Each structure stands twice: as structure tokens, then as C-alpha cells.
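Input: a single structure, listed below in C-alpha cells.
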Amino acid sequence: MTLTLLAHGSPDPRHARDVASLSGRLQVAGLPSRAAYLDHDQPSPAAVARRLADEATTATTVVPLLLAPAYHARVDVPAAVSAMRAAAPDLAVAAAAPVGLHPLILDAAVELVRASELPVGPRTGIVLAGTGSRDVRAVAAVEALVAEHGHRVVDALGARAVRAAHLDGGRPVGRIRTLLRCVDGCTNVLVVTLVIADGILRDRIVAAAGRMDLAVVPGTLAGTNALADLVVLRAGTAPAPTTAAEATPASARAPR
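So this is what it looks like as C-alpha cells:
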């Protein structure tokens, strides 16, 4: 079994670098993995499938490196899995759930803050900032994760409060500092970027935080052990891999 890490892709080479780092982390743990990209970067999902088939790999589990339950997760991932089966009909492919907004994402945020060695105390506010989405369900999912499980961040770091922020949708980064200071009595704020890999989107969050004089924690989720653990968890709960023929309904295979 080989894992296929299906990332969004970016014209910025830092994105592929971070995904490769995550793949390497899994390789060290004894889990063969390949990276594929929905857009911008190569290889494509179909190219990875052909390469695996050429290497006599019999099965792969696709783990989408996507956080929000938005368009890419709902539409692009199933299309990518279908393209893999079409490109390598004898390769059995399983589609795991996207890494998504699991509580382990909050553990990854804690890991990044600890690695940064930035000061955190009982009057520190932690802002978990994403790039936002036009999909209101995706924005609501981030808010729900923080509302239900944000105590993991507060308890682990000894901070005062944690809030979600969205660059393009929901609550803008600029209002978070005021909210934390006025409501929660925070005297300093650290921003953790909720992005899988570095690149243009993270740069936009960093720039927005900089305009508000907010300190940004270095690093991305791909560099954490918690995200690697989440990839393994998603892969372990995926359905059994199926080939193109097995994935096609019997009614569609029957001759007319």
C-alpha cells in the first residue's frame, strides 16, 4: 500500500517543498507516499497512478491535504480519484476523507507555537487564521472547530483565549486583536496560519497580520507531527481500494 498525498498545488514552489517534507516524514515512519496536485504543480493524480502501476504497486490510498469542506473537497477530489483509476485500470485506489478540520489540526497549531519559542502567557491570545472561503459552510466549520475544541490550544499553551480568523470570509484578521483585548483582556496576540503549505495564500495572511502589528508564528501544518498523524488516521479509516472495474456499477458494465 502506498499513500498518495493529494494537495491543492500552487505556482509558488514553497508549496510543493512543504508537501514533499510531509511525504518525507511519512516515509521515515515506514509509510511509502507520493505527492500529487490538483492544480499548478506536477505530477497530476493520473501521472502518479501511471507511475505506481509501472512500479508494480497494486494499491494506493489517496489522502486529500485539504482543510475546508469546500469545492475542492466535494468536486475536485472525486474527479482526481476517477482520473487515477482511468489512467491505471489495474491499480486499486481508495479515497480517504480529507484531513479536514479535525482536532489534531489544533494540536498542530500548538506544535508550531511551541517550536517558535515566542512568549505565551496567561494574557496571550491565539488567532488561528485561514484564507477564508466563499463557502459559508467552510467558514462555519472553522468556527465550530475552535468553539468546540479550542480549549486544547488554551490548555496546552497556558494562553488566555483562542479565536478563528478568516482573511477573505467571516471575521477579518484586523478585528481579532480588538476582540481579544476588549473581551478577553489579552495583552499580546500570536497568529497561527491554518494552511497546509507555504506560498502565496500564507503570505497574504502574514501581510494582513503585519498591518495589525500581530506576531505570526513561523511554519505551516505540513511541518508538524500532528498533521502526519492525521494523514495516517485518515488513511487507516479509508474504504478498501478498488480498481476501475470494481468501482464501476454492474449496471454500467453490462452490455446493451
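Okay, so the sequence shown: first residue is 104 according to this note's numbering, each after it adds one.
Glycine is no exception: its CB is placed at the ideal position from the N, C-alpha and C atoms.
Just so we're clear, the structure is a prediction, and the values are computed from it rather than from any experiment.
In the displayed model, P167 falls within a strand according to three-state DSSP. Where R137 is concerned, the enclosing beta strand (DSSP E) starts and stops at S136 to Y140. L270 sits away from A244, with the two beta carbons spaced by 8 Å or more. A straight line joining the alpha-carbon of E251 with that of T160 spans about 41 Å. 8 Å or more divides the Cβ of G203 from the Cβ of V292. A straight line joining the alpha-carbon of T351 with that of A189 spans about 11 Å. Of V216, A197, A300 and A347, the smallest CA-CA separation from P114 is found for A300.
Less than 8 Å separates the beta-carbon of P148 from that of A139. DSSP, read as helix, strand or coil, puts R226 in coil. For the alpha helix (DSSP H) assignment, the uninterrupted runs of no fewer than 4 residues enclosed by the region 298 to 340 are, from N- to C-terminal side, 303 to 314 and 328 to 339.
Counting only runs that start and end inside the region 152 to 197, the beta strand (DSSP E) elements of at least 3 residues fall at 162 to 167. Linking H118 to E214 through their CA atoms gives a straight-line distance of about 20 Å. With a beta-carbon spacing of about 16 Å, S136 and L169 fall beyond the 8 Å limit used to define contacts. Between L125 and A331, the CB-CB gap stays under 8 Å.
For G322 and V309, the gap between their C-alpha atoms comes out near 11 Å. One thing to note: P225 has its Cβ within 8 Å of the Cβ of R263.
A straight-line Cα-Cα distance of about 32 Å links R128 and E349. Scanning its chain for C-beta atoms nearer than 7 Å, with the 5 sequence neighbours on each side dropped, one finds around A259 the residues V213, in chain order. Closest by C-alpha distance to V242, out of L297, L207 and L282, is L297.
Judged by their CB atoms, A211 and L317 are not nearer to each other than the 8 Å cut-off. Residue state for A250 is assigned as helix, using DSSP reduced to three classes. Contact check for D238 against A173 passes: the beta carbons are separated by less than 8 Å. Here L221 carries a coil assignment [DSSP, helix/strand/coil]. Closest by C-alpha distance to L106, out of A198, A186 and D193, is A198. Per DSSP, R280 has no beta-bridge partner at all.
Across the structure, A312 and G326 are spaced so that their CA atoms are roughly 21 Å apart.
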